[in-house]
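Below is one structure, written out as C-alpha cells, with a few remarks after it.
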Amino acid sequence: VYPYICSREEVEELKKDPEKVNRLFSTLITENIKRWVVMLEEHVQKDKQVIVMPGNDDILDIDPVLKKSIRDMYPLGKLVELPLGYGMVSFDHVNPTPWNTPREAEENKLWKMLEKTVNLVDRDWDKIICCFHPPPYNTVIDVAPKLDKNLKPVYSLGEMEKENVGSKSVRKFIEKYKPIIGLHGHIHESAGYDKVGKTIVFNPGSEYSSGILKGVILELDRDGLRNWYRIG
6 VYPYICSREE VEELKKDPEK VNRLFSTLIT ENIKRWVVML EEHVQKDKQV
56 IVMPGNDDIL DIDPVLKKSI RDMYPLGKLV ELPLGYGMVS FDHVNPTPWN
106 TPREAEENKL WKMLEKTVNL VDRDWDKIIC CFHPPPYNTV IDVAPKLDKN
156 LKPVYSLGEM EKENVGSKSV RKFIEKYKPI IGLHGHIHES AGYDKVGKTI
206 VFNPGSEYSS GILKGVILEL DRDGLRNWYR IG
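Following the numbering used here, the numbering of the sequence shown begins with 6 at its first residue and continues without gaps.
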C-alpha cells in the first residue's frame, strides 16, 4: 500500500491521466524502496551478506535504487559469491499471469532469458543455487486457485479448484542443469518444498498483507545442504 494524500481536484485529474498515475506510483514506490535500503544499510551488520531481488510485480524503476546501495545487494545479471564456494544466479521474470505484471514473458522467451544465466556460471552446478522468482511447473510449490474469465476462484462441489501455474521453462532449466537448490516465490499461497530430480526447491510463501514474515533458513556445508527450517 502506497498512501498519497491529495485534493478532490487532483483525484479527478488523476482519473483522466493514467500516465500521471503511473508516474506517481513510481515515485512513491522508489521512495519507499530508498527508505528500506537506508534502513538496511544502517541497521544490518556490514559483515552480513544481503541480497534483494525484484519480483514480477516490481516496476523496473526500483532496480537503479538497489544497484546504488553500498551493500552490493542487487543480484541480477551476475553470479553472487556465497560462502563455502557456492554461487547464486537470480532471475526475476515469470511466465504470463492474468494481471500483466511488469516482469513476465511467454515461456519460449523466458527460456531464452534463462539460458543467458548459464554464461554467468563458472563452477560445477552442484555448487550453484538458483534464485528464480517463478517456481518450477507441476510441483508442490506452484499450486494456486483456478480462476475463471473474471479472475474469480472456481469452485466445484463446494471446494475451490487448484491448478499448477509455475514455469515450464524453469522446470526444464532445473532438469537440464541440476543446481543444488532452487529458491522460488511468486505463488504466495504455495509454501513448501519439493524435488525436481536431485534439486530441492523451496517456496517460503507470503503473507505480507497480514504483516507476517515467512522464510526458509538453509544450512549448508562443503558437501551440500545439511539442514533447513521454515519460519513464519
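Yeah, the Cβ is synthetic: ideal placement off N, Cα and C, and Gly gets one too.
Is the beta carbon of lysine 149 less than 8 Å from the beta carbon of serine 195?
Residue identity differs from the one stated: residue 149 is alanine in this sequence, not lysine. Contact flag set, yes.
Indicate the three-state DSSP secondary structure (helix, strand or coil) for isoleucine 192 in the structure shown.
Residue state, collapsed to three classes: coil.
What is the C-beta distance between arginine 210 and lysine 203, in whole angstroms, given that I count them as a contact (C-beta under 8 Å)?
What sits at residue 210 in the sequence shown is glycine, not arginine. Glycine 210 to lysine 203, Cβ: 24 Å. No contact.
Looking at the secondary structure, which residues open and close the alpha helix (DSSP H) in which isoleucine 38 lies?
23-48 is the extent of the alpha helix (DSSP H) around isoleucine 38.
Here's the rule: buried if 16 or more other CB atoms are within 10 angstroms of the residue's CB, otherwise exposed. What is lysine 132?
Flag for lysine 132 reads buried.
In whole angstroms, what separates the C-alpha of aspartate 52 from that of leucine 156?
So the alpha carbons of these two residues sit roughly 45 Å apart.
Would you grab the beta carbon distance between glycine 60 and glycine 190 for me? Rounded to a whole angstrom, and I think it's under 8 Å.
6 Å between Cβ atoms; contact.
How far does the beta strand (DSSP E) with methionine 93 in it reach, from first residue to last?
Note, methionine 93: beta strand (DSSP E), 92-96.
Kindly indicate which three-state DSSP category asparagine 124 falls into: helix, strand or coil?
Note: asparagine 124 maps to helix in three-state DSSP.
Distance check for lysine 20 and glutamate 14, CA to CA, integer angstroms please.
Cα-Cα distance, rounded: 10 Å.
Identify the continuous alpha helix (DSSP H) that holds leucine 71 and give its terminal residues.
Note, leucine 71: alpha helix (DSSP H), 67-72.
My guess is that glutamate 141 and valine 201 are in contact by the Cβ rule of under 8 Å, so how many angstroms apart are they, rounded?
Strictly speaking, residue 141 in this sequence is proline, with glutamate absent from that position. Proline 141 to valine 201, Cβ: 5 Å. Contact.
Would you identify the three-state DSSP class for glutamate 111, choosing helix, strand or coil?
Residue state, collapsed to three classes: coil.
Would you kindly work out how many angstroms separate the C-alpha atoms of tyrosine 91 and arginine 231, rounded to a whole number?
If you take the alpha carbons of tyrosine 91 and arginine 231, they lie about 14 Å apart.
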